[in-house]
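Colleague: Residue numbers (the UniProt record's numbering): 1 to 670. Ideal placement from N, C-alpha and C gives every residue a C-beta, glycine not left out. Below is a structure I'd like to ask you about.
Right under this line is the structure:
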C-alpha cells in the first residue's frame, strides 16, 4: 500500500487507515501526530507522530479481520457492554483480575514473534518485584518503515521473567473508520447526536493534537492476576509522554477469542453470549480503572492528558455504554460443521423465522418495492392487529428502518403517508440510537467513503459519483420533501448538508476557496507580464499542466502569457456568477468577455487548455486548506470562512474536481 507522508507546520491531523507490514512482535503502542492520525489494522502496530508533523492521510486500506480471533466480534462485543461496570465505583477495583483474558490479555505465542525486528531506540530497562519475583520490563521504540519515520513511531514493552517474554503490549485498532472521519476529526455523531454523543464529554478537541493508541496487551495465562497487564499499560503510557506529549490516549477494549474459545465449546448461544459479555465487561472495566472513558457511543475509550478535561469528572460506573441487540438465541438447525456452500440454506432458515415472527419486516427485506407496497395494502385492509406496524426486530429497527435501509422509496412513502403510524415510525430509534433517516444517512456515508475487499477496507471518497435515484427518493421522503426541485435533488444526490451547494456539490466554503485562488493567481500572473524571462522565473510553479512547448514559448510570446493569465480571470468570473467552475462554464465566461486582443484565443490555438489553469486552482485550494495543506487560506480569511455555513462537501476535493470535469491531481494517500 502506498502512502505519502509530509510534514506540515500547522499540523492538522488526518485519519489514516494503513496496513504497515510489521505485525508487532512485542508490546507496541503508538503516538499519532497532532493534526493527522494513522490507524492500522488490529494486528498492525501502532505508531507515533511528532507534534510538529502533520499526519498525512495514507490510503485507508485496513485489514478489518487481521486479528482473526479478536477483530471479528470486537465491535459486537463493544456494543454489548451495557451489563458491565456495576461492581465498584472505585477505579482501581473496577475489574476482576481473575478474568484477565477479557481485556486483550491473550496468551503469548512464540509464533507471533518476528525472527528479526527493526532497530531499537530509546531503550529503557526496568526491574520490578511482583510477589517476590523479579520481572524485567524493556521499553523501547522501533521504526518500522523509513517512509513513516518522520511522523510515526512504535513503542514496545516486553515483560520478561528469567529471559522469557511473559507479557507484551501493542497498539492500533479500528479507530480510523469507526471514530474519526478521513481527516482525523471526531465524527459529528459523537459530538452532536442526542444519543450517540454518549456522555457528551468529548468534542472537537480530539480533532487536533498528538494521540497515543493502544491496541493490545497480551499476558501469558499463568502470569495473570498479578498486575502485570496494568504495569505494561502504565509503561506504555509513560513512554508515550517522553518527548512526545500526546494530548490523548485511545484504546478499543477487546480480547483474544483464542483465550475464551474453550469456554464457548459445547455451550448454547445464550451461554456463549454470557461468556463474551463477561470478557467485554472485564476489558472495559480494566481500561476504565486506568482513567479511560468512552468517546460518544463509539467502541473507543479515551484518556485526556488535560486534568481539567470533562471526561475526568465521570466515574467508571457513570460512563456511557451503548445499548445492545437482543440476543440471537435461535439454534442453527444444521450441524456446526456444515459446509460453506450451505450458507444460503442458513439464510433461508433465518428468513423463514423472520416471516413467521415479523411478516412485514420479511416483506420489506425480500420483496421488490412495488410488491412490498402491495403486501402493506393487503395487510392494512385485513383485520390483523395494528401494532404489527410498529413492531421491531432484535436491533430495535422498525418497518421504516428496514424499508429505508433497503432503498424502497415507494414503501417508505406508503408507511409515512398511509399506514397511519408514520410519525411513530419516523421518530423511533434503533439500538444504535438512530431514527430511520439517521440510520440511512449513516449507511450512505459509509458507502460513499469506503469499500471492503475481503478483509481490506479501502477509502473511496474521491471517487464518489453521487447517490442513485432510489437513495434520493428515500431521503426526500424521510425529510418530508414531497416534490424535490432539480437543485434539491442534486443536493441530495451529492450529500449536501448545508442546503446551499451550487449544482448540488460545490459548497459555499469550497466555492469561496476556489474563487480566492482564481483571483489571486490571476492578479499574480498579471505582474511583470511584460518581462518574459522574469515572469517565467516568478511563476514557473504555475505551469505544471501547461504543455512543454507552450512553456518554452512563454518567455518570448507575451500573448501566450496574457492568455494563460486570463484563464484564471475567466474562472473567477464563472465562480462569481455562482456557477461551478466546469470547463464549459469557464469557456462561456471567456466567450462573453469578447477579448481584444484575443490573447486567450491565441493560447488555445497554440494547444493551451482550460484544464491547465483549473487544475492549478484546485491544487492550490487543496495545498492551502486547513486539513489537507498548510492552512494558509484559513489564516488569511478566517472571518469570511466562519461566516459561511459548514457542509459535508467542504473538503471533498476529489468529488468537486471530477464533477467539474478535470482529473483529480492531489491525493491524501500519495
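Fully enclosed by the stretch 337-392, which alpha helix (DSSP H) runs are 4 residues long or longer?
Modeller: 343-357, 359-366 and 369-381
Colleague: Looking at residue 650 and residue 509, is the spacing between their C-beta atoms short of 8 Å?
Modeller: Position 509 of the chain shown, counted from the first residue, corresponds to residue 509. Position 650 of the chain shown, counted from the first residue, corresponds to residue 650. Result yes, Cβ atoms of residue 509 and residue 650 sit closer than 8 Å.
Colleague: Do residue 555 and residue 533 have their C-beta atoms closer together than 8 Å?
Modeller: To locate residue 555, count along the chain shown from 1; it is residue 555. To locate residue 533, count along the chain shown from 1; it is residue 533. Yes, they are a contact pair.
Colleague: Going by C-alpha distance, which of 272, 285, 206 and 383 is nearest residue 250?
Modeller: Residue 250 sits at position 250 when you count from the first residue of the chain shown. Cα-wise, what sits closest to residue 250 is 206.
Colleague: So, under 8 Å CB-CB, residue 373 and residue 299 are touching, yes? Tell me the CB distance rounded to an integer number of Å.
Modeller: Along the chain shown, one-based indexing puts residue 373 at 373. Along the chain shown, one-based indexing puts residue 299 at 299. With a contact defined as Cβ atoms closer than 8 Å, residue 373 and residue 299 miss out at about 38 Å.
Colleague: With 16 other CB atoms within 10 Å as the buried threshold, where does residue 549 fall?
Modeller: Your numbering for residue 549 matches position 549 in the chain shown. Residue environment for residue 549: exposed (fewer than 16 other C-beta atoms within 10 angstroms of its C-beta).
Colleague: Hey, out of 613, 458 and 492, whose CA is closest to residue 470's CA?
Modeller: Position 470 of the chain shown holds residue 470. The residue with the shortest Cα to Cα distance from residue 470 is 492.
Colleague: How long is the line joining the alpha carbons of residue 284 and residue 290, rounded to whole angstroms?
Modeller: Looking up residue 284 in the chain shown gives position 284. Looking up residue 290 in the chain shown gives position 290. Answer to the nearest angstrom: the Cα atoms are 10 Å apart.
Colleague: Starting from the C-beta of residue 602, find all residues in its chain whose C-beta is less than 6 Å away, skip the five residues before and the five after it, and write them out in chain order.
Modeller: Locating residue 602 in the chain shown gives position 602, where the first residue counts as 1. Around residue 602: 559 and 563.
Colleague: Would you report the Cα separation of residue 515 and residue 445, rounded to the nearest angstrom?
Modeller: As a position in the chain shown, residue 515 is number 515, starting the count at 1. As a position in the chain shown, residue 445 is number 445, starting the count at 1. Answer to the nearest angstrom: the Cα atoms are 28 Å apart.
Colleague: Are residue 583 and residue 661 closer than 8 Å when you measure CB to CB?
Modeller: On the chain shown, residue 583 is found 583 positions in, with the first residue counted as 1. On the chain shown, residue 661 is found 661 positions in, with the first residue counted as 1. Yes. Within cutoff.
Colleague: Just the Cα atoms here: how many angstroms apart are residue 442 and residue 619?
Modeller: As a position in the chain shown, residue 442 is number 442, starting the count at 1. As a position in the chain shown, residue 619 is number 619, starting the count at 1. Cα to Cα, the separation comes out at about 30 Å.
Colleague: Report the rounded CA-to-CA distance for residue 490 versus residue 597, giving the unit in angstroms.
Modeller: On the chain shown, position 490 is the one that residue 490 refers to. On the chain shown, position 597 is the one that residue 597 refers to. Cα-Cα distance, rounded: 39 Å.
Colleague: Would you kindly report the start and end of the unbroken beta strand (DSSP E) that includes residue 303?
Modeller: Along the chain shown, one-based indexing puts residue 303 at 303. Note, residue 303: beta strand (DSSP E), 301-304.
Colleague: Using 8 Å as the threshold, is the stretch 569-577 in touch with the stretch 517-527, meaning 3 or more CB pairs across them?
Modeller: Flag = yes, the stretch 569-577 and the stretch 517-527 touch.
Colleague: In chain order, what residues of the same chain have a beta carbon less than 8 Å from the beta carbon of residue 439, not counting five sequence neighbours either side?
Modeller: For the purposes of this step, residue 439 is taken as residue 439 along the chain shown, with counting starting at 1. Excluding positions up to five away in sequence, the list reads 397, 401, 404, 405, 430 and 432.
Colleague: Okay, do the stretch 261-272 and the stretch 215-230 touch, 3+ Cβ pairs below 8 Å being the bar?
Modeller: No, they do not touch.
Colleague: Cα separation between residue 230 and residue 322?
Modeller: Within the chain shown, the letter at position 230 stands for residue 230. Within the chain shown, the letter at position 322 stands for residue 322. Rounded to whole angstroms, residue 230 to residue 322 spans 25 Å at the Cα level.
Colleague: Buried or exposed for residue 451, please, with buried defined as at least 16 other CB atoms from any protein chain shown within 10 angstroms of its CB.
Modeller: Here residue 451 corresponds to residue number 451 of the chain shown, with the count starting at 1. It counts as exposed.
Colleague: Measure the alpha-carbon distance for residue 588 versus residue 538 and round it to whole angstroms.
Modeller: Within the chain shown, residue 588 is the residue found at index 588, counting from 1. Within the chain shown, residue 538 is the residue found at index 538, counting from 1. Answer to the nearest angstrom: the Cα atoms are 29 Å apart.
Colleague: Do we get a CB-CB distance below 8 Å when we pair residue 579 with the residues of chain D?
Modeller: The displayed structure is made up of one protein chain only, and chain D is not part of it.
Colleague: Pairs of beta-carbons, one from the stretch 418-425 and one from the stretch 471-491, closer than 8 Å: are there three or more?
Modeller: Touching, no, given that fewer than three Cβ pairs across the two stretches are closer than 8 Å.
Colleague: Determine the contact status of residue 462 and residue 629, defining contact as a CB-CB distance below 8 Å.
Modeller: Residue 462 sits at position 462 when you count from the first residue of the chain shown. Residue 629 sits at position 629 when you count from the first residue of the chain shown. No, the pair does not count as a contact, with Cβ atoms beyond the cut-off.
Colleague: Decide if the stretch 180-200 is in contact with the stretch 314-328; the criterion is three or more beta carbon pairs, one per stretch, under 8 Å apart.
Modeller: yes
Colleague: When we look at the beta-carbon of residue 242 and count the other beta-carbons within 10 Å, is it buried (16 or more) or exposed?
Modeller: Position 242 of the chain shown holds residue 242. By the 10 Å Cβ count, residue 242 comes out exposed.
Colleague: May I have the straight-line CA-CA distance separating residue 362 from residue 349, to the nearest angstrom?
Modeller: Locating residue 362 in the chain shown gives position 362, where the first residue counts as 1. Locating residue 349 in the chain shown gives position 349, where the first residue counts as 1. C-alpha separation (whole angstroms): 12 Å.
Colleague: Here's the rule: buried if 16 or more other CB atoms are within 10 angstroms of the residue's CB, otherwise exposed. What is residue 353?
Modeller: Residue numbering aside, residue 353 sits at position 353 when the chain shown is read from its first letter. Per the 10 Å Cβ criterion, exposed.
Colleague: Mind checking residue 663: buried by the 16 CB within 10 Å criterion, or exposed?
Modeller: Translated into the one-based positions of the chain shown, residue 663 becomes position 663. Counting Cβ neighbours within 10 Å, residue 663 comes out exposed, since fewer than 16 surround it.
Colleague: So, does the stretch 177-195 touch the stretch 297-311, judging by three or more C-beta pairs under 8 Å?
Modeller: Contact between the stretch 177-195 and the stretch 297-311 is present, because at least three Cβ pairs lie under 8 Å.
Colleague: Run the proximity test for residue 205: is its beta-carbon closer than 7 Å to any non-hydrogen atom belonging to the ligand SAH?
Modeller: Because no ligand of any kind appears in the structure shown, any question about the ligand SAH cannot be addressed here.
Colleague: Just to confirm before moving on: does the CB-CB distance between residue 645 and residue 500 stay below 8 Å?
Modeller: Taking the chain shown and counting its residues from 1, the one referred to as residue 645 is at position 645. Taking the chain shown and counting its residues from 1, the one referred to as residue 500 is at position 500. Contact: yes.
Colleague: Once DSSP output is grouped into helix, strand and coil, what is the label at residue 610?
Modeller: Your numbering for residue 610 matches position 610 in the chain shown. Three-state DSSP puts residue 610 in coil, outside helix and strand.
Colleague: Start and end of the alpha helix (DSSP H) containing residue 567?
Modeller: Mapped onto the chain shown, residue 567 falls at position 567. 558-576 is the extent of the alpha helix (DSSP H) around residue 567.
Colleague: Hey, out of 328, 607, 586 and 527, whose CA is closest to residue 552's CA?
Modeller: The count along the chain shown starts at 1 and reaches residue 552 at position 552. Closest by C-alpha distance to residue 552, out of 328, 607, 586 and 527, is 607.
Colleague: Spell out the partners DSSP gives residue 318 in its beta bridges.
Modeller: Locating residue 318 in the chain shown gives position 318, counting from the first residue. Answer is none; residue 318 lacks a bridge partner.
Colleague: Whole angstroms is fine: what's the gap from residue 497's alpha carbon to residue 436's?
Modeller: Position 497 of the chain shown holds residue 497. Position 436 of the chain shown holds residue 436. Their backbone Cα atoms lie some 17 Å apart in a straight line.
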